[in-house]
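The sequence shown: position 12 = 44 (our numbering), numbered continuously.
Beta carbons are placed, not taken as given, at the ideal position from N, Cα and C, and that holds for glycine.
Predicted model, so just to flag it, every value in this text is computed and none were measured.
Here is the structure we will look at, set down as structure tokens.
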Amino acid sequence: MFSVSKFCDIIDLTPLKKIRLLRKIKKLTLLKNKIISIKSFKTNYN
């Protein structure tokens with residue numbers, strides 16, 4: 033897993049774009065975690 037700050041340093045974005053990207057990554061990560069927890073919940077209770 034790459035660190036987000038390094039990723040943003042490599043792509044030298046404007047602060048606004050950087051914030052949007054960070055939010056997007058955060059949302060995707062949260063979504064992924066939610067999906068994983070739902071899957072594990074289903075496998076545990078079936």
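- The three-state reading of DSSP puts Thr61 in helix, counting H, G and I together.
- Taken through DSSP and simplified to helix, strand or coil, Thr46 comes out as coil.
- The beta carbon of Pro47 sits closer than 6 angstroms to none of the beta carbons in its chain outside the five residues before and after it.
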